[in-house]
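Heads up: take any position in the sequence shown, counting from 1, add 83, and you land on the numbering used here.
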Amino acid sequence: MHRFKDLEIWRLSRKFCSDIYIVTGNFPDSEKFGLTNQLRRASVSIPSNIAEDCSRSSNKDFSRFLEIAIGSIYEIETQLLIALDLGYIEQIKLDELCFNSDRILKMTSKFRSKLK
């Protein structure tokens, strides 16, 4: 069993989630139940799944929850590109968020591969 608060990927994903909340706070009100909701839910899913992973006794279970977190990262990247297409975020903000999500993705993937 791992202590999730000690994991750098959990800390980074928690910060990333806060960044997503801040960015989506500037989205139009018409997106409240659209992209805003989707991005926020997916971003919360990342640190939540990592934390839930830590309660698992087997590496197979742990690996599955990390896989779900990875899926959420890809979901967020797609939704951020859509937000860019719609003019809700600027390219520089997209680049910053994608850099951070890619960092979390790489760390999570590496951690997951060590569990096998």
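Ideal Cβ positions, reconstructed from N, Cα and C, are used throughout, including at glycine.
For PHE145, the enclosing alpha helix (DSSP H) has its first and last residue at 142-168. Straight through space, the alpha carbons of SER141 and ILE103 are spaced by roughly 31 angstroms. Taking C-beta atoms under 8 angstroms as the contact rule, PHE182 and ILE133 fail to qualify, at a distance of about 19 angstroms.
PHE194 carries a helical assignment under DSSP once its states are collapsed to helix, strand and coil. DSSP, reduced to helix, strand and coil, places LEU95 within a helical segment of the structure shown.
In the assembly as shown, SER96 is a buried residue. Its beta-carbon has 16 or more other beta-carbons within 10 Å.
By the C-beta density criterion, TYR157 is exposed, having fewer than 16 other C-beta atoms within 10 angstroms.
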